[in-house]
Amino acid sequence: MSSIPAKRSLTKRIWLQRYLMILTLPAILWMILFNYVPMYGIIIAFQEYTPFKGFIHSDWTGLANFKELFDDPTFRESLSNTFKISVAKLVFGFPAPIVLALLLNELVFKRFKRVVQSLTYLPYFVSWVLVVGLMYTLLDPDTGVLAKLLVKLGLIGDETMLMGSAHSFLALVVITEIWKNIGWNSIIYLAAIAGIDPQMYEAAVMDGANRFQRVWHITLPAIKPTIIILLILSIGGLVNSNFDQMYLMQNSMTQDAANVLSVYSYKMGLVSGRFSYGTAVGLFQSLVAFVLMYLANYSSRKITKESLF
Amino acid sequence: MLTSRSLSGKTFDAFNALLMIALCVCTLYPFYNILVTSFNDPADAARGGITFWPREFSVENYKVVFRDDSMIRAFIVTIARTVIGTAAAVLFTGAFAYGISKSELVGRKLFLMMAIVTMYFSGGIIPYYLVVAKYLHMKGHFLVYIIPNLFNVFNAIIMLTFFRALPKEIEESAKIDGANDLRIFFQLVLPVSKPVLATVALYNAVFHWNAWYDAMLFGGEKLLTLQQILMQIISSNSNVSLIASQLGLGSVTAASLKLATMVITTLPIVFTYPFVQKYFVQGVMIGSVKG
């Protein structure tokens, strides 16, 4: 296409691409409406928003919402719950898919491996509504199969309402999270493992390395970059502890334990109608998430030379 | 694998296989349990202890559920939003991804940047709610399920990766024949992009089928979705007892209707899953290359 002059005017170029623009621009408009205008709407965290006055004309209150936030005991409770749940999920939930991927990789029959993989992905695709429904059913003290089993094993007393106990709440949150996501989250590790050069293992066998040593010295170091990237991402997601799960697992007995930042923001903003205050909670949550992700990325770059950005 | 196995190696293999079987049982049994219990006579099921087979087979629960108007309505709403929402989102997101895949597009970098920023920053739920409900006045309208879900940046990246890898020759020869970009996209590119369209369509379909949150925020009584009904049943039990009392069906209990509803909302996913799961995994693979 050498005959085309090197520089055309911008309008001419856009005119020539008009059909490409017709394909692209609707999504840009969509993003402005559904992503960027709400981002701009964050300013109501610094206002006393009233629907009549809107985003732009509501009265400014500076940091008043945030001052109130730090004096609010329910907010402090939600902050500490968020950290408790997030740390528990990180400690138990994060390594689980890595362990699963390593174990799957050791399976002798590849057909069997594929069947296990496919089956364990399934819970990822059902809704949290259903998962919580399953838990209520299986843990029902009168009819629940799992509750009966736990009683027989002597792990819980007869007539224990596990779903209605603030004590077992944290454990149930972590276990259901693992149950739902372990298979799906292992895919990425399995892909990383599949990319390892088989010659490495052959050389290790020659050197007399046993299976455990091969996993420890070859597989794990090879998937380390993947692990670290996913770790940084999940540390960033720490304070965003799954709204669906928390909101649906709460009941009159567990609502104090289930009060995390995202649930509190929702309740304050949309249930009680304190739009500005709820937005302040949400903004605080996003800020903490961003700072945590930045710190995780920074320390990872210093320690392991791996980083996301 | 590589070497003949020692005794300890074989012990490990056996233990590992057993562990994996146990994991599969833990994954599947909860689904199986609600399935068999939902087909049991409700009064009998209340005694508990149904584990592998219905004790007294009965379809009473399903009869009641399918006779309920709000349930049928929710079924229609959910199927409608899944079908329409998925088709619309795949086209809308795909069109954007195709445009962005062309390096000559004016403003391409800016558009891409705008999309990527939304992966990391959002206004949060309250400003979003205010925009959709108060500024766009979409509350209570069926389109509130469709329009706010037209675009998804992760799906756009999956499609972008696919479009970029397509051979350029076909499009170039079509251009020489005078076809414009719209025709090329709809008549040439989409037909050869079936694998990625299937993947993205499935993600969208699962999202729409499972959605309850937007139904809670924006739907209202007329636009209840299946998941929203299920959520109401689980969290209060009020809805089902109401259904049961209206119909005057003594034997059906709130708990047994809950089971039937759970089975109905989940079966489509469980049944289609084995046939389509390879497309799901495909998406993760393409997505993770970029991410």
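Protein chains in written order, with the UniProt record's numbering: chain A, 1 to 309; chain B, 1 to 291.
Glycine included, every Cβ here is placed at the ideal spot set by N, Cα and C.
Any C-beta of chain B sitting closer than 7 Å to the C-beta of residue i?
{"i": "A:Phe52", "result": "no"}
{"i": "A:Tyr19", "result": "yes"}
{"i": "A:Ser127", "result": "yes"}
{"i": "A:Ile98", "result": "no"}
{"i": "A:Arg114", "result": "no"}
{"i": "A:Phe94", "result": "no"}
{"i": "A:Leu153", "result": "no"}
{"i": "A:Asp158", "result": "no"}
{"i": "A:Asp72", "result": "no"}
{"i": "A:Thr11", "result": "no"}
Taking DSSP as the reference, what is the three-state secondary structure of residue i?
{"i": "B:Glu104", "result": "coil"}
{"i": "B:Glu277", "result": "The identity of residue 277 of chain B in the sequence shown is Gln, whereas the question assumes Glu. B:Gln277: helix per DSSP, three-state reduction."}
{"i": "B:Phe207", "result": "helix"}
{"i": "B:Phe57", "result": "strand"}
{"i": "A:Asn242", "result": "coil"}
{"i": "A:Gln285", "result": "helix"}
{"i": "residue 305 of chain B", "result": "What the structure shows of chain B is the stretch from 1 to 291, and residue 305 of chain B is not part of that stretch, so it cannot be assessed."}
{"i": "A:Thr259", "result": "Note that residue 259 of chain A corresponds to Asn in the displayed sequence, not to Thr. The answer is coil: DSSP assigns A:Asn259 none of H, G, I, E or B."}
{"i": "A:Glu48", "result": "strand"}
{"i": "A:Met21", "result": "helix"}
{"i": "A:Asp197", "result": "coil"}
{"i": "B:Trp212", "result": "coil"}
{"i": "B:Ser241", "result": "Its pLDDT being 48, under 50, B:Ser241 is placed unreliably in this model, and the value from its coordinates should be taken loosely. It is helical."}
{"i": "A:Gln59", "result": "Strictly speaking, residue 59 of chain A in this sequence is Asp, with Gln absent from that position. In the structure shown, A:Asp59 sits in a strand (DSSP, three-state: E or B)."}
{"i": "A:Asn297", "result": "helix"}
{"i": "A:Asn185", "result": "helix"}
{"i": "A:Asn65", "result": "helix"}
{"i": "B:Asn40", "result": "strand"}
{"i": "A:Thr143", "result": "coil"}
{"i": "B:His141", "result": "coil"}
{"i": "A:Ser2", "result": "With a pLDDT of only 45 at A:Ser2, under the threshold of 50, the placement of this residue in the model should not be trusted, and no figure is reported."}
{"i": "A:Val126", "result": "coil"}
Tell me which same chain residues have a C-beta within less than 6 Å of the C-beta of residue i, skipping the five on either side of it?
{"i": "A:Ile196", "result": "Ala222"}
{"i": "B:Arg73", "result": "none"}
{"i": "A:Met161", "result": "Pro141"}
{"i": "B:Gly220", "result": "Gly140"}
{"i": "A:Asp158", "result": "Val151"}
{"i": "B:Phe185", "result": "Tyr98"}
Once you ignore the five residues that flank residue i on each side, which residues in its own chain have a CB closer than 8 Å to its CB?
{"i": "B:Val189", "result": "Tyr98, Phe163, Leu166, Glu171"}
{"i": "A:Lys53", "result": "Asp59"}
{"i": "A:Asn251", "result": "Met163, Gly164"}
{"i": "B:Val270", "result": "Phe31"}
{"i": "A:Gly62", "result": "Phe46"}
For chain A, find out if any of its Cβ atoms is closer than 7 Å to the Cβ of residue i; answer yes or no.
{"i": "residue 335 of chain B", "result": "One cannot answer for residue 335 of chain B here, as it falls past the ends of chain B, which runs 1 to 291."}
{"i": "B:Tyr129", "result": "yes"}
{"i": "B:Val284", "result": "yes"}
{"i": "B:Leu197", "result": "no"}
{"i": "B:Lys134", "result": "yes"}
{"i": "B:Val83", "result": "no"}
{"i": "B:Asn210", "result": "yes"}
{"i": "B:Phe154", "result": "no"}
{"i": "B:Phe151", "result": "yes"}
Who are the Cβ neighbours of residue i in its own chain at under 7 Å, not counting the five residues just before and after it?
{"i": "A:Gly41", "result": "Phe55"}
{"i": "residue 313 of chain A", "result": "It is not possible to answer for residue 313 of chain A, since the shown part of chain A is limited to 1 through 309."}
{"i": "A:Ser168", "result": "Leu162"}
{"i": "B:Ala201", "result": "Thr86, Val90"}
{"i": "A:Ala280", "result": "Ala45, Asn65, Phe66, Leu69"}
{"i": "A:Thr137", "result": "Gly144"}
{"i": "B:Met216", "result": "Gln228"}
{"i": "B:Thr82", "result": "Ala205, His208, Trp209"}
{"i": "A:Thr226", "result": "Ile188, Tyr189, Ala192"}
| When Cβ atoms are compared, which residues of the stretch 21-41 of chain A fall closer than 9 Å to chain B? | Met21, Ile22, Leu23, Thr24, Leu25, Pro26, Ala27, Ile28, Trp30, Met31, Ile32, Leu33, Phe34, Asn35, Tyr36, Val37, Pro38, Met39, Tyr40, Gly41
| Along the stretch 171-188 of chain B, what residues have a CB closer than 9 Å to any CB found in chain A? | Asn180, Asp181, Leu182, Arg183, Ile184, Phe185
| query | At a cut of 8 Å, does the stretch 114-128 of chain B reach the stretch 269-286 of chain A through at least three beta carbon pairs? | reply | yes
| field | Sufficient close CB pairs (3 or more, under 8 Å) joining the stretch 128-148 of chain A to the stretch 44-51 of chain B | value | yes
| request: Output, in sequence order along the chain, the residues in the stretch 265-281 of chain B whose CB is closer than 8 Å to any CB in chain A. | output: Thr265, Thr266, Ile269, Val270, Tyr273, Pro274, Gln277, Phe280, Val281
| field | chain A contacts from the stretch 19-30 of chain B (Cβ-Cβ distance under 9 Å) | value | Leu19, Met20, Ile21, Leu23, Cys24, Cys26, Thr27, Leu28, Tyr29, Pro30
| contact_flag[the stretch 210-220 of chain A, the stretch 238-248 of chain A] where n(CB pairs < 8 Å) is 3 or more | no
| Counting pairs of beta carbons, one from the stretch 292-304 of chain A and one from the stretch 220-239 of chain A, are three or more of them closer than 8 Å? | yes
| request: Mind the definition here: the stretch 52-68 of chain B touches the stretch 78-91 of chain B only if three or more C-beta pairs lie below 8 Å; say whether that holds. | output: no
| Against chain A: residues of the stretch 87-104 of chain B by CB proximity under 8 Å | Phe92, Thr93, Ala95, Phe96, Tyr98, Gly99, Ile100, Lys102, Glu104
| said: Please identify, using Cβ separations under 9 Å, the residues of the stretch 35-59 of chain B that lie next to chain A, in order along the chain. | reply: Thr37, Ala45, Ala46, Arg47, Gly48, Gly49, Ile50, Thr51
| query | What residues from the stretch 7-19 of chain B come within 9 Å of chain A, judged by C-beta to C-beta, listed N to C? | reply | Ser8, Gly9, Phe12, Asp13, Asn16, Ala17, Leu19
| task | Identify each residue in the stretch 209-228 of chain A for which the Cβ-Cβ distance to at least one residue of chain B is less than 7 Å, and report them in chain order. | result | Arg211
| request: Flag this pair as touching only if the stretch 104-121 of chain A and the stretch 12-23 of chain B have three or more C-beta atom pairs under 8 Å; answer yes or no. | output: yes
| field | Members of the stretch 107-121 of chain B that neighbour chain A once the beta carbon cut-off is set at 7 Å | value | Phe111, Met114, Ala115, Thr118, Phe121
| Pairing CB atoms from the stretch 29-37 of chain A with CB atoms from the stretch 256-263 of chain A, are three or more of them under 8 Å? | no
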